[in-house]
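Q: These protein sequence lines map, in sequence, to chains A and B. In terms of our numbering, the first sequence is residues 30 to 119. In terms of our numbering, the second sequence is residues 3 to 391. Glycine is no exception: its CB is placed at the ideal position from the N, C-alpha and C atoms. The following block contains the structure, expressed as structure tokens.
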Amino acid sequence: MTGTRTDITASIREAVAAYGQLAVDVQTLADTDDLFHAGLTSLANVTVLLGLESAFGIEFPERMLRRSTFESISAIRSAVEELVGENEPT
Amino acid sequence: MKTFAATSRADLAARAAAIGATCVAPFAEEVDEESRFPREAVDALRDDGQLSALVPTRLGGQGASIVDVAEATYRLATHCASTAMVYAMHHLGVACLVRHPTNELLESYLHELADRQLLLASATTETGTGGDVGSSICAVERSDGRFRLEKQTPVISYGQYADAVLATARRTIDSPSNDQVLVLCAPPGLSLEPISGWDALGFRGTCSSGFRLVAEGADAAVLPTPFDVISAETNLPVSHILWSHVWLGLAGAAVRQARSYVQSEARKRPGATPQGALRLAELDARYRQMAGLVRGAARRFDEMADDREALSSLDYAVEMNALKVSASRLVVDVVGGALLICGMAGYRQDSPFSLGRLLRDAYGAVLMLNNDRLLGANAQLLLVGGDRR
Chain A
30 MTGTRTDITA SIREAVAAYG QLAVDVQTLA DTDDLFHAGL TSLANVTVLL GLESAFGIEF
90 PERMLRRSTF ESISAIRSAV EELVGENEPT
Chain B
3 MKTFAATSRA DLAARAAAIG ATCVAPFAEE VDEESRFPRE AVDALRDDGQ LSALVPTRLG
63 GQGASIVDVA EATYRLATHC ASTAMVYAMH HLGVACLVRH PTNELLESYL HELADRQLLL
123 ASATTETGTG GDVGSSICAV ERSDGRFRLE KQTPVISYGQ YADAVLATAR RTIDSPSNDQ
183 VLVLCAPPGL SLEPISGWDA LGFRGTCSSG FRLVAEGADA AVLPTPFDVI SAETNLPVSH
243 ILWSHVWLGL AGAAVRQARS YVQSEARKRP GATPQGALRL AELDARYRQM AGLVRGAARR
303 FDEMADDREA LSSLDYAVEM NALKVSASRL VVDVVGGALL ICGMAGYRQD SPFSLGRLLR
363 DAYGAVLMLN NDRLLGANAQ LLLVGGDRR
């Protein structure tokens with residue numbers, strides 16, 4: 030699944046809502062809000078990651094597995110877009 | 003300003019070794035028996051300026067690296083694991099203060115710490131969180147440039163003897179449990195009321211009682227960096243590295259005991275290899291394996307100390323969790339192996355080869371920050387990454 034930027038954002042929000050165990054409703058967060066401040070733990074983050082890998086058919090490489098990649102919806106989107114782009118036939 | 007004997011980082015470990023022989027070893031049995039604070043050792047470390055090792059030179063410290071402090075920790079631990087643990091925990095706190103963006107208040111505190119050789123303790127666990135240092139119940143309340151914090155903790159090692167305590171808490175009263183900050187709680191706004199004692203099997207000299215902590219002061223005492231960042235880049239790696247050096251010292255002491263036992267047997271019958279000699283060779287190999295692991299981790303940390311991205315990677319968290327699990331198992335293995343070599347002489351309390359204290363201390367390693375918790379975290383973290391393609 031690739032889709033438009035809006036679709037990607039929606040899928041990321043879905044994964045964060047389903048697996049992030051946040052202290053707040055994801056819909057109340059802006060794309061740039063800090064997810065760790067919103068209650069995301071590094072362990073819950075792993076589940077979010079697995080959800081994203083499953084939804085987009087991607088695998089996050091080791092170099093992306095650091096806090097900065099997952100600190101906000103928009104940061105995750107940059108990572109997903111890069112990986113989805115890699116998978117697309119040119 | 004007072005000048006201290008240990009003016010350079012280069013001789014930190016050698017001076018710690020000298021203090022170990024003169025002010026730690028003679029009191030180790032008594033500290034253990036009476037479960038009392040190793041005050042002679044800490045006084046000597048203070049007089050030597052060792053408590054400011056990690057403080058930058060511009061603030062009056064020695065600007066030492068983690069390898070320097072780790073090596074000094076190891077030397078102390080060969081005489082008394084409790085003393086070494088106090089030393090390790092203090093430097094862990096200082097590392098959190100010096101490695102993250104600071105402010106005027108925190109800088110002047112570090113200056114004072116170097117000047118007066120103040121001892122820092124940590125309050126990272128909390129009653130009710132089930133041992134999870136990544137979450138807090140208590141919260142920092144702020145108003146008019148002041149903060150107030152109240153925390154019930156099951157343990158603050160050497161809390162009664164510390165000059166200040168670094169405590170974790172939720173950032174605000176509205177923050178979720180994992181949105182934490184680290185707060186420097188210092189007099190005059192610090193009160194520690196003991197709520198439990200410390201009568202444990204090992205590490206008896208750490209006096210790790212529980213406390214009700216109440217602190218207030220200028221809100222600049224709240225570290226500006228979120229605790230999860232401090233944790234990934236400093237608290238997790240430095241704690242596991244320094245603790246591992248405590249255990250390495252413990253293991254080293256046991257190996258030396260076993261070796262001198264085998265040597266004494268060899269002297270009784272020159273020409274006949276003693277029964278324990280082969281076991282000693284095996285034990286020595288196991289110890290060297292542990293030393294390689296533990297010292298390698300300290301060197302690697304120093305190499306990547308400023309690469310914040312790499313330190314905050316999941317892979318490094320996995321590595322540091324694995325270090326703690328492996329080193330804490332190896333120390334039990336090594337001390338147990340030494341007991342088999344020394345036999346009844348090691349089992350007896352009244353023999354020069356007694357391994358009682360070392361055995362009791364060694365078992366603490368797997369329990370302080372339970373290995374099952376760390377393995378559970380790694381079980382989760384290993385589900386992603388590893389560049390499978």
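#1: Just to confirm my understanding: we take B:L282, look at its own chain, exclude 5 residues before and 5 after, and list those with CB closer than 7 Å. What are they?
#2: For B:A312 and B:L383, which I take to be in contact (beta-carbon distance under 8 Å), what is that distance rounded to the nearest angstrom?
#3: Mapping DSSP to helix, strand and coil, what is B:P196?
#4: What residues in its chain sit with their C-beta under 7 Å from that of B:A86, if we drop five residues either side in the sequence?
#5: Determine the DSSP secondary structure at B:Q119, reduced to helix, strand or coil.
#6: Please confirm if A:L64 has its CB atom under 7 Å from at least one CB of chain B.
#7: With distances taken between CB atoms, is the gap from B:E195 to B:R150 smaller than 7 Å?
#8: So A:G68 contacts chain B; which residues on that side make the cut at Cβ distance below 9 Å?
#9: In the stretch 97-110 of chain A, which residues sit with their C-beta less than 8 Å from some C-beta in chain B, listed in chain order?
#10: Output the distance between the C-alpha atoms of B:V96 and B:E109, rounded to the nearest integer angstrom.
#11: CA-CA distance, B:T236 and B:D230?
#12: For the structure I just gave you, are there three or more beta carbon pairs, one from the stretch 20-35 of chain B and one from the stretch 74-88 of chain A, closer than 8 Å?
#13: Considering only DSSP beta bridges, list what B:Q154 is partnered with.
#14: Which residues bound the beta strand (DSSP E) around B:A166?
#15: Report yes or no: is there a C-beta of chain A within less than 7 Å of the C-beta of B:D374?
#16: If you reduce the DSSP assignment to three classes, tell me which class B:G62 lands in.
#17: Let's test the definition: count the other Cβ atoms within 10 Å of the Cβ of B:S211 and tell me whether it reaches 16, buried, or not, exposed.
#18: Within the same chain, show all residues whose beta-carbon is closer than 7 Å to that of B:G161, passing over the 5 residues directly before and after it, in chain order.
#19: In its own chain, which residues sit with a C-beta less than 7 Å from the C-beta of B:A30, not counting the 5 before and 5 after it?
#20: In this structure, does DSSP put B:A329 in helix, strand or coil?
#21: Can you tell which of A:T61, A:D63 and A:A67 has the C-alpha that lies nearest to the C-alpha of A:D54?
#22: Just the C-alpha distance for B:S10 and A:L69, rounded to the nearest angstrom, thanks.
#23: When the cut-off is 7 Å and only beta carbons count, does B:E311 lie next to chain A?
#24: For B:G132, tell me which candidate among B:V142, B:P156 and B:A299 has the shortest Cα-Cα distance.
#25: In or out: B:T127 buried (at least 16 other Cβ within 10 Å) or exposed?
#26: Is any beta-carbon of chain B found at less than 7 Å from that of A:A46?
#27: Could you pull the start and end residues of the alpha helix (DSSP H) that B:S137 belongs to?
#28: Is it buried or exposed for B:L112, if we count other Cβ within 10 angstroms and need 16 for buried?
#29: Per DSSP, which one or two residues make a beta bridge with B:S145?
A: Judging by the given coordinates:
#1: The residues are A260, R261, V264 and I343.
#2: Rounded to whole angstroms, the Cβ separation of B:A312 and B:L383 is 15 Å, and the two are not in contact under 8 Å.
#3: DSSP places B:P196 in strand when its eight states are reduced to three.
#4: Excluding residues within five positions, the ones whose Cβ falls inside 7 Å are T75, L78, A79, V248 and G251.
#5: B:Q119 falls in the coil class under three-state DSSP.
#6: A:L64 does not count as touching chain B.
#7: Cβ distance not < 7 Å, so B:E195 and B:R150 don't count as in contact.
#8: S177, P178, S179, N180 and D181, listed in chain order.
#9: When CB distances to chain B are screened at a threshold of 8 Å, the residues of the stretch 97-110 of chain A falling below it are S97, in chain order.
#10: Rounded to the nearest angstrom, the gap between the Cα atoms of B:V96 and B:E109 is 11 Å.
#11: Roughly 10 Å separates the two Cα atoms.
#12: Look at the beta carbons and you see the stretch 20-35 of chain B not touching the stretch 74-88 of chain A: under three pairs across the two are nearer than 8 Å.
#13: Paired residues: B:R214.
#14: Here the beta strand (DSSP E) through B:A166 covers A166 to R172.
#15: False, the Cβ-Cβ gap to chain A never drops below 7 Å.
#16: In this structure, DSSP gives B:G62 a state outside helix and strand, which the three-state scheme calls coil.
#17: That one is buried.
#18: Correct list, in chain order: A123, V167, L194, S211 and F213.
#19: The answer, listed in chain order, is H81 and C82.
#20: Three-state result, B:A329: helix.
#21: If we check each option's Cα against that of A:D54, A:A67 comes out closest.
#22: Answer to the nearest angstrom: the Cα atoms are 43 Å apart.
#23: Between B:E311 and chain A, the shortest Cβ-Cβ separation is below 7 Å.
#24: For B:G132, the nearest C-alpha among the options comes from B:P156.
#25: Within 10 angstroms of the beta-carbon of B:T127 lie 16 or more other beta-carbons, which makes it buried.
#26: Cβ-Cβ to chain B under 7 Å: no for A:A46.
#27: Unbroken run through B:S137: none, as it is neither H nor E.
#28: Its Cβ being crowded by 16 or more others within 10 Å, B:L112 is buried.
#29: Paired residue(s): B:R148.
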